[in-house]
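**Q**
Protein chains in written order, with the working numbering: chain A, 1 to 362; chain B, 363 to 442.
1. Taking just the CA atoms, how far does residue 117/A sit from residue 108/A?
2. What do you reckon, are the CB atoms on residue 156/A and residue 234/A nearer than 8 Å?
3. Which residues of chain B have a Cβ atom closer than 7 Å to the Cβ of residue 316/A, listed in chain order?
4. Could you check whether the Cβ of residue 409/B sits closer than 8 Å to any Cβ belonging to chain A?
5. Against residue 129/A, what residues of chain B qualify as contacts under a CB-to-CB distance less than 7 Å, listed in chain order?
6. State the DSSP-derived secondary structure class of residue 414/B, mapped to helix, strand or coil.
7. Out of 224/A, 41/A, 127/A, 119/A, point me to the one whose CA is closest to residue 19/A's CA.
8. Hey, could you find the ends of the alpha helix (DSSP H) residue 177/A is sitting in?
9. State the beta-bridge partners of residue 372/A as determined by DSSP.
10. Below 7 Å between beta carbons is the criterion; list the residues of the stretch 410-437 of chain B that meet it against any residue of chain A, in chain order.
11. What's the gap between the Cα of residue 377/B and the Cα of residue 281/A?
12. For residue 388/B, does the three-state DSSP call read helix, strand or coil?
13. Taking 6 Å as the limit between beta carbons, can you name the residues of its chain near residue 292/A, skipping five residues before and five after?
14. For chain B, check one thing: does any of its Cβ atoms lie closer than 8 Å to the Cβ of residue 330/A?
15. What residues are listed by DSSP as bridge partners for residue 423/B?
16. Of the choices 296/A, 64/A, 345/A, whose alpha-carbon is the least far from that of residue 316/A?
17. Beta carbon of residue 133/A, beta carbon of residue 410/B: below 8 Å?
18. Count the CB pairs spanning the stretch 90-101 of chain A and the stretch 160-172 of chain A that are closer than 8 Å, and state whether there are at least three.
19. Kindly indicate which three-state DSSP category residue 218/A falls into: helix, strand or coil?
20. Using a Cβ-Cβ cut-off of 8 Å (strictly less than) and excluding sequence neighbours within five positions of residue 328/A, which residues of its own chain qualify?
21. Can you give me the Cβ contacts of residue 438/B inside the same chain, cut-off strictly under 8 Å, excluding the 5 residues immediately before and after it?
22. Give the residues of chain B in contact with residue 205/A, contact being defined as C-beta atoms less than 9 Å apart.
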């Protein structure tokens with residue numbers, strides 16, 4: 001980013017360091033460059049593998065071509081989309097979300113909790129402070145849970161990757177399942193009054209009246225301020241996901257080249273009923289970011305693994321992980337933790353079965 | 363000046379602590395820097411994302427590491 005003002009400016013205290021057209025003058029050439037690179041990626045990966053590396057067609061060449069095409073393509077898409085979404089989202093903070101959710105009725109709350117979980121960027125290392133902050137603001141446990149479940153499953157990066165690699169139909173299903181899982185899990189938590197299994201100090205906090213902290217008034221952001229914010233988000237999020245993308249595409253590429261075509265179709269393609277719970281269980285010890293799992297999903301589907309099994313496996317991998325559970329253990333008693341995991345596994349399994357039945361042809 | 367760094371000891375929290383120390387050194391300022399990893403204290407301060415930074419009791423950033431210039435700006439405004 002050669003020409004930008006983001007290096008020297010503070011978003012909250014500076015109005016704008018440049019008129020909007022100067023920021024545009026920075027964005028447009030970058031966009032043109034982006035399009036140029038994007039359009040030549042596929043050709044370049046073939047040239048690299050076949051001409052420069054001199055590989056003859058075979059599993060290795062196939063895997064490498066896939067890898068050298070998919071990795072930069074996905075990284076480029078991530079750059080673009082994070083910028084666009086961040087530009088639109090500039091100014092929205094978790095504090096706003098919390099204050100907004102704290103006044104909502106339950107049923108609306110589950111939906112909104114899940115939707116906010118989807119649009120706010122979230123790092124799992126923040127799950128405890130977030131959980132505590134929401135609880136202290138008297139947001140019902142179910143709504144917080146809806147947020148916590150949906151947050152890792154859905155984000156702008158994942159949506160773009162899904163759309164690009166797997167098409168609009170699969171993306172819609174993924175989104176519906178992700179939001180649905182959050183809403184149902186949240187609803188269920190409140191039905192069984194799961195808050196009685198929170199850590200004691202939290203139950204206390206829920207009973208005492210605590211003022212919801214005020215937020216500094218946010219002004220309308222100028223074009224340049226949005227640009228600055230978006231560039232910053234791109235840097236932060238890109239740093240966080242690039243390795244996951246490479247690992248994900250690498251694994252996807254290995255499956256692509258080495259696993260025989262239709263291997264899954266032959267072994268699991270009939271959608272044997274036990275394959276779904278097995279896939280979900282396998283997903284617990286495995287852990288990856290949603291960004292890394294999408295290329296793997298693509299490969300699994302291409303090799304003929306039924307859509308329901310694939311989705312169940314991938315969602316379980318992303319939403320349930322040991323590090324996350326260890327962290328949540330600090331604020332939940334084991335009963336609640338068990339219910340949390342059990343509910344999610346059940347939802348993913350049922351979804352997998354349902355999808356395998358109604359969605360045989362992808 | 364009282365500076366509090368909230369974080370659970372993750373890599374990004376340490377990075378924030380380092381950035382603050384560097385900024386203070388560069389500006390040759392002295393401050394009372396405290397690191398808080400207790401979740402209850404974070405809850406009381408209304409923090410939702412770590413790492414978070416508070417200057418004289420006011421949370422100025424959370425969920426990210428402010429860049430050096432931003433930090434310098436905040437420290438100057440508190441100091442001057």
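We put the CB at the ideal spot given by N, CA and C, even for glycine.
**A** Based on what the coordinates show:
1. Counting from one through the first chain, the residue named residue 108/A turns up at place 108. Counting from one through the first chain, the residue named residue 117/A turns up at place 117. Taking the straight line from one Cα to the other gives about 14 Å.
2. Taking the first residue of the first chain as 1, we reach residue 156/A at position 156. Taking the first residue of the first chain as 1, we reach residue 234/A at position 234. Going by C-beta atoms, residue 156/A is not nearer than 8 Å to residue 234/A.
3. Taking the first chain and counting its residues from 1, one reaches residue 316/A at position 316. None at all; the shortest Cβ gap to chain B is about 24 Å.
4. Walking along the second chain from the start, residue 409/B turns up at place 47. By this cut-off, residue 409/B is an interface position.
5. By one-based count along the first chain, residue 129/A stands at place 129. Under the 7 Å cutoff, chain B gives 401, 404, 409, 410, 411, 412.
6. By one-based count along the second chain, residue 414/B stands at place 52. Here residue 414/B sits in strand by DSSP.
7. Numbered from its first residue, the first chain carries residue 19/A at position 19. Ranking 224/A, 41/A, 127/A, 119/A by Cα distance to residue 19/A puts 224/A first.
8. Position 177 of the first chain, counted from the first residue, corresponds to residue 177/A. Per DSSP, residue 177/A belongs to the alpha helix (DSSP H) from 156-191.
9. The structure shown does not extend to residue 372/A, since chain A spans only 1 to 362, so no value can be given for it.
10. 410, 411, 412, 425, 426, 431, 432, 435
11. Along the second chain, read from residue 1 onward, the residue named residue 377/B stands at position 15. Along the first chain, read from residue 1 onward, the residue named residue 281/A stands at position 281. Each residue's alpha carbon lies about 36 Å from the other.
12. Within the second chain, numbered from 1, the residue matching residue 388/B stands at position 26. Reduced to three states, the DSSP call for residue 388/B is helix.
13. Here residue 292/A is taken as the residue at index 292 of the first chain, counted from 1. 244, 247, 248, listed in sequence order.
14. Taking the first residue of the first chain as 1, we reach residue 330/A at position 330. Output row for residue 330/A: interface = yes.
15. What you label residue 423/B is simply residue 61 of the second chain in a count that begins at 1. Paired residue(s): 415/B.
16. Along the first chain, read from residue 1 onward, the residue named residue 316/A stands at position 316. Ranking the options by Cα distance to residue 316/A, first place goes to 345/A.
17. By one-based count along the first chain, residue 133/A stands at place 133. By one-based count along the second chain, residue 410/B stands at place 48. Yes, the Cβ-Cβ distance between residue 133/A and residue 410/B is below 8 Å.
18. no
19. Here the question's residue 218/A lines up with position 218 in the first chain. Confidence at residue 218/A is low in this model, with a pLDDT of 49, below 50, so its placement is unreliable and the value that follows should be read with caution. Three-state DSSP puts residue 218/A in coil, outside helix and strand.
20. Within the first chain, numbered from 1, the residue matching residue 328/A stands at position 328. Around residue 328/A: 127, 128, 131, 337, 340.
21. Taking the second chain and counting its residues from 1, the one referred to as residue 438/B is at position 76. Hits under 8 Å: 389.
22. Start at 1 with the first residue of the first chain, and residue 205/A comes out as number 205. Within chain B, the residues near residue 205/A are 402, 405.
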